[in-house]
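Residue numbers (this note's numbering), protein chains in the order written: chain A, -12 to 99; chain B, 71 to 187.
Everything below concerns the one structure shown next.
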Amino acid sequence: DAKTTQPPSMDCAEGRAANLPCNHSTISGNEYVYWYRQIHSQGPQYIIHGLKNNETNEMASLIITEDRKSSTLILPHATLRDTAVYYCIVRILNNAGNMLTFGGGTRLMVKP
Amino acid sequence: GAGVSQSPSNKVTEKGKDVELRCDPISGHTALYWYRQSLGQGLEFLIYFQGNSAPDKSGLPSDRFSAERTGGSVSTLTIQRTQQEDSAVYLCASSLFSTGVNTGELFFGEGSRLTVL
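See below:
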């Protein structure tokens, strides 16, 4: 799986958009970008994933650059409950399964 | 239940004892994973089960660790002769794997916190 690089920590004001970057410059054409988050003392939670096109769901938006070497997860109106570690993962989606390799992630602190 | 269930939620044991951790995946999910997370660290892959295929044991740190999945559902992770460095949160996840509906989403349980004294 391609390696990802994320800033170790970020702060965001409550109610503002949180933009979490991820670099994956060695991503291959059949690798998807996944985002998970882990709130303190809980198991990781799936947020969103995409291949080429930008994606949006009820939790967040995923913006993937045209060359696919980086992406940004956007939480449009961050709340205190969004404080968590956010993991960006790239993964081939194949018949061998969906094992995900988690890196260090970005610790997002949403402040009032 | 609706989600992945793990037990016990907390386990304190003495060095050298054996422990068993249990995972009940979401009904119908054919794939099951075990990860562990040491304090302040990321997730470390341990083992992966998919249907009736041989499990991927490539992440198990030593032969003291083993896991089984009976009947394609419940899984048990066993750690023999526990050591202090085994102290961590052990997380189980499951996913639905079916050709054409493979989104790659893993559903995690709340974890079992193991403390080895």
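Note that CB positions come from ideal geometry on N, CA and C, so glycine has one too.
| request: Could you spell out where the beta strand (DSSP E) holding residue 94 of chain A opens and where it closes? | output: Start at 1 with the first residue of the first sequence, and residue 94 of chain A comes out as number 107. Its beta strand (DSSP E) spans residues 93 to 98.
Q: Please state if the CB of residue 51 of chain A and the CB of residue 41 of chain A are separated by a distance shorter than 8 Å.
A: Walking along the first sequence from the start, residue 41 of chain A turns up at place 54. Walking along the first sequence from the start, residue 51 of chain A turns up at place 64. Yes.
message: By DSSP's criteria, residue 36 of chain A is part of a beta bridge. Which residues make up the other side?
response: Reading the first sequence from its first residue, position 49 is the one you call residue 36 of chain A. The partner list for residue 36 of chain A (beta bridge, DSSP) reads A/21.
Exercise for the section: Show which residues of chain A have a CB atom less than 9 Å away from the CB atom of residue 178 of chain B. Expected result: Numbered from its first residue, the second sequence carries residue 178 of chain B at position 108. Near residue 178 of chain B (Cβ distances below 9 Å), the residues of chain A are 23, 25, 29, 30, 31, 32 and 33.
Original post:
Do you know offhand how far residue 98 of chain B's Cα is from residue 73 of chain B's?
Top reply: Position 28 of the second sequence, counting from 1, holds the residue named residue 98 of chain B. Position 3 of the second sequence, counting from 1, holds the residue named residue 73 of chain B. Distance between the alpha carbons of residue 98 of chain B and residue 73 of chain B is about 11 Å.
| said: Please give me, in chain order, every unbroken run of the beta strand (DSSP E) with length at least 3 that falls completely inside the region 37 to 74 of chain A. | reply: 48 to 51 and 57 to 62
The beta strand (DSSP E) with residue 117 of chain B in it runs from where to where? Mapped onto the second sequence, residue 117 of chain B falls at position 47. Per DSSP, residue 117 of chain B belongs to the beta strand (DSSP E) from 114 to 120.
Taking 8 Å as the threshold (C-beta atoms), are residue 36 of chain A and residue 21 of chain A in contact? For this step, residue 21 of chain A is matched to residue 34 along the first sequence. For this step, residue 36 of chain A is matched to residue 49 along the first sequence. For residue 21 of chain A and residue 36 of chain A, yes; Cβs fall inside 8 Å.
Open item on the list: Please list, in chain order, the residues of the region 125 to 153 of chain B that have any C-beta partner in chain A closer than 8 Å.
Closed with: 126
Check your understanding: Over what stretch of residues does the beta strand (DSSP E) that includes residue -2 of chain A continue unbroken?
Key -> Residue mapping note: residue -2 of chain A aligns to position 11 of the first sequence, counting from 1. Residues -4 to 0.
- [ ] With a 10 Å radius around its C-beta and 16 neighbouring C-beta atoms as the bar for buried, classify residue 82 of chain A as buried or exposed.
- [x] Against the first sequence, residue 82 of chain A aligns to sequence position 95. In this prediction, residue 82 of chain A has a pLDDT of 47, which is less than 50 and means its spatial position is unreliable; nothing more can be read from the coordinates.
For residue 78 of chain B and residue 129 of chain B, the rounded distance between their alpha carbons:
Within the second sequence, the letter at position 59 stands for residue 129 of chain B. Within the second sequence, the letter at position 8 stands for residue 78 of chain B. So the two alpha carbons sit approximately 22 Å from each other.
Using a Cβ-Cβ cut-off of 7 Å (strictly less than) and excluding sequence neighbours within five positions of residue 70 of chain A, which residues of its own chain qualify? Residue 70 of chain A sits at position 83 when you count from the first residue of the first sequence. Excluding residues within five positions, the ones whose Cβ falls inside 7 Å are 95, 96 and 97.
(message) Which residues in chain B have a C-beta closer than 7 Å to the C-beta of residue 87 of chain A? List them in chain order.
(response) Counted from its first residue, the first sequence places residue 87 of chain A at position 100. The contacting residues are 176.
From the DSSP output, which residues share a beta bridge with residue 81 of chain B? Taking the first residue of the second sequence as position 1, residue 81 of chain B is located at position 11. BP columns for residue 81 of chain B point to B/184.
Where residue 99 of chain A falls, given that 16 or more other Cβ within 10 Å makes a residue buried: Here residue 99 of chain A is taken as the residue at index 112 of the first sequence, counted from 1. The residue is exposed, with fewer than 16 neighbouring Cβ atoms inside 10 Å.
**Request:** Within the same chain, show all residues whose beta-carbon is closer than 7 Å to that of residue 96 of chain B, passing over the 5 residues directly before and after it, in chain order.
**Result:** Residue numbering aside, residue 96 of chain B sits at position 26 when the second sequence is read from its first letter. Excluding residues within five positions, the ones whose Cβ falls inside 7 Å are 73, 74, 164 and 177.
Hey, is residue 113 of chain B's beta-carbon within less than 8 Å of any beta-carbon in chain A? Here the question's residue 113 of chain B lines up with position 43 in the second sequence. It does: the Cβ of residue 113 of chain B has a partner Cβ on chain A nearer than 8 Å.
Would you identify the three-state DSSP class for residue 126 of chain B, choosing helix, strand or coil? As a working mapping, residue 126 of chain B is identified with position 56 in the second sequence. Reduced to three states, the DSSP call for residue 126 of chain B is strand.
Point to revise | Strand pairing of residue 137 of chain B, partner residues [DSSP] | key: As a position in the second sequence, residue 137 of chain B is number 67, starting the count at 1. DSSP, once it has assigned bridges, lists B/147 as partnering residue 137 of chain B.
**Study point:** DSSP state of residue 175 of chain B mapped onto helix, strand, coil
**Key:** For the purposes of this step, residue 175 of chain B is taken as residue 105 along the second sequence, with counting starting at 1. Three-state DSSP puts residue 175 of chain B in coil, outside helix and strand.
(Q) Checking 8 Å against the spacing of the C-beta atoms, do residue 49 of chain A and residue 38 of chain A come in under that value? (A) By one-based count along the first sequence, residue 49 of chain A stands at place 62. By one-based count along the first sequence, residue 38 of chain A stands at place 51. Contact flag unset, no.
Q: Taking only the alpha-carbon atoms, compute the straight-line gap between residue 132 of chain B and residue 23 of chain A and give it to the nearest angstrom.
A: In the second sequence, counting from the first residue as 1, residue 132 of chain B sits at position 62. In the first sequence, counting from the first residue as 1, residue 23 of chain A sits at position 36. Roughly 28 Å separates the two Cα atoms.
What did DSSP end up calling residue 29 of chain A once you bin it into helix, strand or coil?
Here residue 29 of chain A refers to the residue found at position 42 when the first sequence is read from its first residue. Correct three-state label for residue 29 of chain A: coil.
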